[in-house]
Amino acid sequence: MMMRSLKWSALALAMTLPLAAHAHKMWMVPSATNVSGADPWVTVDAAVSNDLFYADHMPVQTDRVVVTAPDGQTANVEHAFTGQYRSVFDVHLTKPGTYKIAAVNGGLFASYEVDGQKRRWRGEPANFAKEIPVGAKNVDVSESISRVETFVTNGKPSDAALKPGGKGLELVPVTAFTDLVTGEPATFQLLLDGKPAAGLKVSAIAGETRYRNAQEEIDVTTGKDGKFSLNWPHAGMYWVNASTQDDKTSLKQAKQRRLSYSATLEVLPQ
Amino acid sequence: MRRLLFSMPALLLAAPAVAADLNVTVQIPQLDVAEYHRPYTAVWVEREDHTVAAQLAVWYAQKESKEGAGTKWLPELRQWWRRGGRDLQMPVDGVSGATRPAGDQKLNFHEGKAPLGQLPPGKYELVVEAAREVGGREVVRVPFTWPASAPQQLAAKGSSELGAVKLDLAP
């Protein structure tokens, strides 16, 4: 029994490791996390890279970005531009409170063979049966939900925009996302499909990785209630990330669902 | 004239009963820099749990602009902003005003009167924060016990953006 589960976990590890090793980090960095005044704006860089936060690999597609205003309504992504290595867009913070800026990627992916040719498919569960040809061989289906977020507050923090959607990994504040300072531990709650995600590893990495010789990753594990606390060693922009996988797919042909969550959070000096 | 005559005896009678004064001197240092802007400055009283007991002063650029009269940069006073600055709607009568030049800036507050109001007996900190465009930021704290039983002079000193911060308490 023991032996068998060990074999299985080794296999699972082997399957995920090569992917994990090549997983670039996707991030969004706002020009400010606290704004004020009569007409506040922020500009946001969005990219996929290894080094935080240097855009040197791939831009984030801005049509994936959803901005939620403090009243829960969707706000506009303004002045969007996509370059070779990064996308840039602005958010006009016309309402008081906390804005959520999120990029959600994922869905159902399949690879299969028809007449010896490898093909790929991406789409909705309902279309799977009619879009994959009859007689397709080696059909391999997987599902993923990856959520990348950052937060900006105009004036006083609020949490109406931060209500979880109940799908995939999500983060909700105990400490306000835009009220983080060195010397004060911050507590957040990780949710999976809207329920506390217990026993998951969460890591935080400060930006400017180019100017040091180690990642200096801070690892913590969520408690039974999905909560975890982070002690910030210094001020800066931090990339907080968690990932997991399960078999709660939206299509029975998909065996595995891969889930990830990342947030860019700013920590200010005392 | 008549009002003055009337109010003077009233003031004399009232003064011993109303009591305590809290006088602050904030020294804004003279800096020899190529590009100088007067610092944004906030003065407030914190309780032991760091909540705000009284907002005493906030000085920021008053120049009109589309983005607001200097209010865009108020979050640069980081501690003040998160401790309660962000809860205020600018301008605040008797609290907000224009940035001040280098030198000793004297502020007088009277218990029972805005903006100090009533301060229940206890331990507090006077906090002064200054942030300067293209410059630095500094927070200076002066702990005190309220009310003072005898006239008391307390002080702390900043090292970069603030000079001496003096707190004179009169019972």
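Line by line, the protein sequences are chains A and B. So for the first sequence, my numbering puts the first residue at 23; every next one is plus one. So for the second sequence, my numbering puts the first residue at 251; every next one is plus one. Note that CB positions come from ideal geometry on N, CA and C, so glycine has one too.
Helix, strand or coil for residue i? Go by DSSP, reduced to three states.
i        : result
A/PHE150 : helix
A/THR116 : coil
B/GLU326 : helix
A/ALA43  : Since pLDDT at A/ALA43 reaches only 40, below the 50 mark, its modelled position is unreliable, and the value read off the structure follows with that caveat. Helix at A/ALA43.
B/LEU338 : coil
B/LEU419 : strand
A/ARG142 : strand
A/ALA220 : coil
B/TYR310 : coil
A/TYR134 : strand
B/LEU412 : coil
A/ARG169 : strand
A/ALA333 : Residue 333 of chain A falls outside the range modelled here, since chain A spans only 23 to 292, and no answer is possible.
A/TYR233 : helix
A/LEU191 : strand
Can you list, in chain order, the residues of its chain whose CB lies under 6 Å from that of residue i, leaving out five sequence neighbours each side?
i        : result
A/GLN106 : none
A/ALA68  : MET50, VAL82, SER109
A/TRP254 : THR204, VAL289
A/ALA257 : THR204, VAL289, LEU290, PRO291
B/VAL377 : TRP294, GLU296, ARG391
A/LYS246 : ALA220
A/ASN293 : Outside the displayed range of chain A (23 to 292) lies residue 293 of chain A, so it cannot be described from this structure.
Which residues bound the beta strand (DSSP E) around residue i?
i        : result
B/ARG297 : 290–297
B/GLU361 : That residue, B/GLU361, is in no beta strand (DSSP E); it is neither H nor E in DSSP.
A/THR90  : 87–90
A/GLN278 : 276–290
B/LYS373 : 372–381
B/HIS300 : That residue, B/HIS300, is in no beta strand (DSSP E); it is neither H nor E in DSSP.
A/ASN263 : 258–268
B/GLU388 : 387–396
A/LEU252 : 249–252
A/PHE103 : 100–104
A/PHE199 : Element bounds for A/PHE199: n/a, residue is neither H nor E.
A/THR65  : 63–71
B/LEU281 : From DSSP, B/LEU281 is part of no beta strand (DSSP E); its letter is neither H nor E.
B/ALA405 : 402–407
A/ASP241 : 240–243
A/PHE210 : 208–214
Going along the chain, which residues of its own chain have a beta-carbon closer than 8 Å to the beta-carbon of residue i, five neighbours each way excluded?
i        : result
A/ALA43  : Confidence is the limiting factor: at A/ALA43 the pLDDT is only 40, short of 50, which leaves the residue's position unreliable and the question unanswerable from this model.
A/GLU153 : TRP143, GLY145
B/GLN368 : GLU361, GLY362
A/ARG232 : ASP73, TYR76
A/ARG86  : ALA125, VAL126, ASN127
Between the Cα of residue i and those of the options, spot the shortest distance and give me the residue it belongs to.
i        : options                                : result
A/PHE131 : A/LYS277, A/ALA228, A/SER71            : A/LYS277
A/ARG142 : A/ASN149, A/TYR134, A/ALA148           : A/TYR134
B/ALA380 : B/ARG297, B/ALA311, B/ASP271           : B/ALA311
A/GLY129 : A/VAL57, A/ALA285, A/LEU281            : A/LEU281
B/VAL283 : B/ALA352, B/PRO393, B/GLN339           : B/ALA352
A/GLU100 : A/ALA124, A/LEU287, A/THR84, A/LYS159  : A/THR84
A/GLY188 : A/LEU212, A/GLU206, A/PHE173, A/PHE103 : A/LEU212
A/ALA183 : A/MET80, A/LEU115, A/ARG86             : A/LEU115
A/VAL224 : A/PRO218, A/PRO186, A/SER265, A/ASP201 : A/SER265
A/PHE199 : A/LEU252, A/LEU191, A/LYS159           : A/LEU252
A/THR197 : A/VAL64, A/ASN149, A/PHE250            : A/PHE250
A/ARG169 : A/VAL88, A/SER284, A/VAL136            : A/SER284
B/ALA307 : B/LEU324, B/ALA398, B/LYS407           : B/LEU324
A/GLN275 : A/THR172, A/GLY138, A/ASP162, A/ASN98  : A/ASP162
B/SER409 : B/LEU281, B/ALA270, B/ASN273           : B/LEU281
B/SER399 : B/ASP418, B/GLY413, B/LEU412           : B/ASP418
A/PRO147 : A/PHE103, A/TYR260, A/LYS47, A/SER164  : A/SER164
Leaving out five residues before and five after residue i in sequence, what residues of the same chain have Cβ atoms less than 7 Å from its Cβ?
i        : result
A/ASP93  : LYS117, ALA182
B/LYS313 : ALA319, GLY320
B/ALA303 : VAL295, GLU296, ARG297, LEU369, TYR374
A/ILE240 : SER225, ALA226, LEU252
- Check each residue of the region 55–66 of chain A: if its Cβ is closer than 8 Å to any Cβ of chain B, include it; give the result in chain order. ASN56, VAL57, SER58, GLY59, ALA60, ASP61, PRO62
- Can you list, in chain order, the residues of the region 320–331 of chain B whose Cβ is nearer than 9 Å to any Cβ on chain A? GLY320, THR321, LYS322, TRP323, LEU324, PRO325, ARG328, GLN329, TRP331
- Query: Using a Cβ cut-off of 7 Å, which residues of the region 177–188 of chain A contact any Cβ in chain B, in chain order?
  - Reply: GLY177, LYS178
- Query: Which residues, in order along the region 372–391 of chain B, keep a beta-carbon less than 7 Å from a beta-carbon of chain A?
  - Reply: none
- Query: Between the region 332–366 of chain B and chain A, which residues of the former have a C-beta closer than 7 Å to a C-beta of the latter?
  - Reply: ARG332, ARG336, ASP337
- Item | the region 186–209 of chain A: positions lying closer than 7 Å to chain B by Cβ | ASP201
- Task: Mind checking the region 242–272 of chain A against chain B and listing, in chain order, the residues whose C-beta falls within less than 8 Å of any C-beta there?
- Result: none
- Task: Check distances from the C-beta atoms of the region 292–320 of chain B to those of chain A and list, in chain order, the residues that come in under 9 Å.
- Result: SER315, LYS316, GLU317, GLY318, ALA319, GLY320
- Interface positions of the region 274–292 of chain A facing chain B (Cβ-Cβ less than 8 Å), listed along the chain: LEU290, PRO291, GLN292
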